[in-house]
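So for the sequence shown, our numbering puts the first residue at -2; every next one is plus one. Note that beta-carbon positions come from the ideal geometry of N, C-alpha and C, so glycine has one too. To keep things clear, I will list the structure first and then write my remarks on it.
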Amino acid sequence: MSDPDNVHTPKLTRKGAFTHFAQFEGRTQSQQHIRPLHDYVTCRLVLEGGFHPDELSPRPPLRVAQAGHRYTLHYDPHASSTTEATILGGLKTKDVDIVANKEGIGPVLAVSCKGMTGAVRNLTNRLEETIGECTNIHIAYPTLVFGYLFLIRANQEGGVGRTDVVVDRNGTPVEGLIRFHQALSAMTGRLGLRNDASRYEAIAMALIEMAPPRVGEISSAFPAADSPIHFDHFFRTLYQRYDERYVVSAPLLAKRTRRLVWSSDSPAFQDRPFLGLDYVLRTDS
-2 MSDPDNVHTP
8 KLTRKGAFTH
18 FAQFEGRTQS
28 QQHIRPLHDY
38 VTCRLVLEGG
48 FHPDELSPRP
58 PLRVAQAGHR
68 YTLHYDPHAS
78 STTEATILGG
88 LKTKDVDIVA
98 NKEGIGPVLA
108 VSCKGMTGAV
118 RNLTNRLEET
128 IGECTNIHIA
138 YPTLVFGYLF
148 LIRANQEGGV
158 GRTDVVVDRN
168 GTPVEGLIRF
178 HQALSAMTGR
188 LGLRNDASRY
198 EAIAMALIEM
208 APPRVGEISS
218 AFPAADSPIH
228 FDHFFRTLYQ
238 RYDERYVVSA
248 PLLAKRTRRL
258 VWSSDSPAFQ
268 DRPFLGLDYV
278 LRTDS
């Protein structure tokens, strides 16, 4: 029997995950500042995206009961895990933050989650890592839908050291951040299998507010709403690319690859951890 004191308790809302990222004071090398974002993404891929929780690594705290074509979700914290999947890439093996794996097909969707708490000068190094990770995975799995989600603390001038400033006193992003946004914008939008392997299907960059009362919220100042890497476009694009490749273009596989629809009376939807979600549940009503 599982020890209830050792059960992983995920943060399931965007506000919870982003607030944790904004307020975390430990060492970033531990990755604990970004772990709640993994929880948020995996749960959203199930609740909104229709992916079976058994297909995801790390595994979210959800369990499916199936009766015919009816799928009911139950909240089960004992079912969750923090284990990442290891993918054999075209150049080297790689631990990827979040992976959806279809039995008999392999990894079909992945999301790399990164966060920067300071040191804007390191953004150039981030770009090199970002390009390399995407290329490595797409060489081995050209059909895989790959997303890149990057959070940055919106450190304002006057409140942090000079090298950690992201926005000036007027709320204007520093030049290094603008260049980073431009570079990421050029790396997203991969549509087909023959497109550049170094491009992601979807990228989102979000500045996270640090000052009360908006701590943990996404900055509305940058990037602009029409940016190709605005957070609001991210999940919708992932689902669209997945459906195009694994359902519409592969009708013989559709029985296995079609995203699930949950019963609207699923007990999980009544549990407190799932209240206040910032997205729409994928249900039959």
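(1) Alpha carbons only, please: which of Ser182, Glu206, Arg191 and Glu130 is nearest the one belonging to Val162?
(2) Under a three-way DSSP split, which group does Lys252 fall into?
(3) Runs of 4 residues minimum, wholly inside the stretch 74 to 158: which ones carry the alpha helix (DSSP H) assignment?
(4) The beta strand (DSSP E) with Leu339 in it runs from where to where?
(5) How long is the line joining the alpha carbons of His17 and Val117, rounded to whole angstroms?
(6) Which class does Ile287 belong to by DSSP, given the choice of helix, strand or coil?
(7) Spatial neighbours of Phe147 within its chain, please: CB distance less than 6 Å, with the 5 preceding and 5 following residues excluded, ordered by chain position.
(8) Beta-carbon within less than 8 Å of Ile149's beta-carbon, same chain only, minus the 5 sequence neighbours each way: which residues are those?
(9) Looking at the structure shown, is Arg242 part of a helix, part of a strand, or coil, going by DSSP?
(10) Between Ser260 and the rest of its own chain, which residues show a CB-CB distance below 8 Å, the 5 nearest in sequence each way excluded?
(11) Work out the CA separation of Cys40 and Gln179 for me, nearest whole Å.
(12) Going by CA-CA distance only, name the one from Tyr72, Arg191, Ala199 and Gly87 that's closest to Leu9.
(13) Among the residues of its own chain, which have a CB less than 7 Å from the CB of Lys12, if the five just before and after it don't count?
(14) State yes or no: is the C-beta of Ile84 within less than 9 Å of the C-beta of Ile31?
(15) Going by CA-CA distance only, name the one from Ser78, Gly46 and Thr90 that's closest to Pro58.
(16) Quick test of your reading: Val244 and Arg255, contact by CB under 8 Å. State the CB separation rounded to the nearest angstrom.
(17) Bridge partners of Leu53, per DSSP?
(18) Specify the secondary structure class of Ser59 as computed by DSSP and reduced to three states.
(19) Beta-carbon separation of Asp286 and His49 under 9 Å?
(20) Identify which residue in Tyr197, Ala208 and Arg211 has its Cα closest to the Cα of Ile226.
(21) How many angstroms separate the CA atom of Asn192 from the CA atom of Pro104?
(22) Which of the three DSSP states is assigned to Ile205 in this structure?
(23) Based on Cα-Cα distance, which residue from Arg159, Val157 and Ile128 lies nearest to Gly144?
(24) Relative to the alpha-carbon of Val61, which residue among Val157, Ala265 and Tyr239 has its alpha-carbon at the smallest distance?
(25) Between Thr80 and the rest of its own chain, which residues show a CB-CB distance below 8 Å, the 5 nearest in sequence each way excluded?
(26) Can you list, in chain order, the residues of its chain whose CB lies under 7 Å from that of Glu52, leaving out five sequence neighbours each side?
(27) Can you tell me where the alpha helix (DSSP H) holding Ile215 begins and where it ends?
(28) In terms of alpha-carbon separation, which member of Leu250, Tyr236, Gln63 and Thr132 lies closest to Gln263?
Based on what the coordinates show:
(1) Comparing Cα-Cα distances from Val162 to each of Ser182, Glu206, Arg191 and Glu130, the minimum goes to Glu206.
(2) Residue state, collapsed to three classes: helix.
(3) The qualifying runs are 120 to 137.
(4) This structure does not reach residue 339, given that the chain is present from -2 up to 282, and the question cannot be answered.
(5) Each residue's Cα considered, the two are about 20 Å apart.
(6) Residue 287 cannot be examined here, being either before or after the span of the chain that is shown, -2 to 282.
(7) These residues qualify, in order along the chain: Lys111 and Met202.
(8) Hits under 8 Å: Gly112, Met113, Val163, Leu174, Met202, Ala203, Leu204 and Ile205.
(9) Assignment of Arg242 by DSSP, reduced to helix, strand and coil, places it in the helix class.
(10) Taken in chain order, the residues that qualify are Arg67, Tyr68, Thr69, Leu70, Thr280 and Asp281.
(11) So the two alpha carbons sit approximately 30 Å from each other.
(12) For the set Tyr72, Arg191, Ala199 and Gly87, the Cα lying nearest the Cα of Leu9 is the one of Tyr72.
(13) Within the same chain, Lys12 has close Cβ partners Gly213.
(14) No. Outside cutoff.
(15) For the options Ser78, Gly46 and Thr90, the alpha carbon positioned closest to that of Pro58 is the one of Ser78.
(16) Correct: roughly 5 Å between the Cβ atoms.
(17) According to DSSP, which records beta bridges pairwise, Leu53 is partnered with Ala97.
(18) For the sequence presented, residue 59 should be read as Leu rather than Ser. Residue state, collapsed to three classes: strand.
(19) Residue 286 lies beyond the range of the chain shown here (-2 to 282); nothing can be said about it.
(20) Closest by alpha carbon: Tyr197.
(21) For Asn192 and Pro104, the distance between alpha carbons rounds to 19 Å.
(22) When DSSP states are grouped into helix, strand and coil, Ile205 belongs to the strand group.
(23) Ranked by Cα distance from Gly144, the options Arg159, Val157 and Ile128 are led by Ile128.
(24) The residue among Val157, Ala265 and Tyr239 with its C-alpha nearest the C-alpha of Val61 is Ala265.
(25) Residues of the same chain with a CB within less than 8 Å of the CB of Thr80, apart from the 5 flanking positions on each side, are Ser54, Pro55 and Arg56 in chain order.
(26) Excluding positions up to five away in sequence, the list reads Ala97, Asn98 and Lys99.
(27) Following the DSSP letters along the chain, one finds Ile215 in no alpha helix (DSSP H), marked with neither H nor E.
(28) Note that residue 263 is Ser in the sequence shown here, rather than Gln. Here the closest residue by C-alpha is Gln63.
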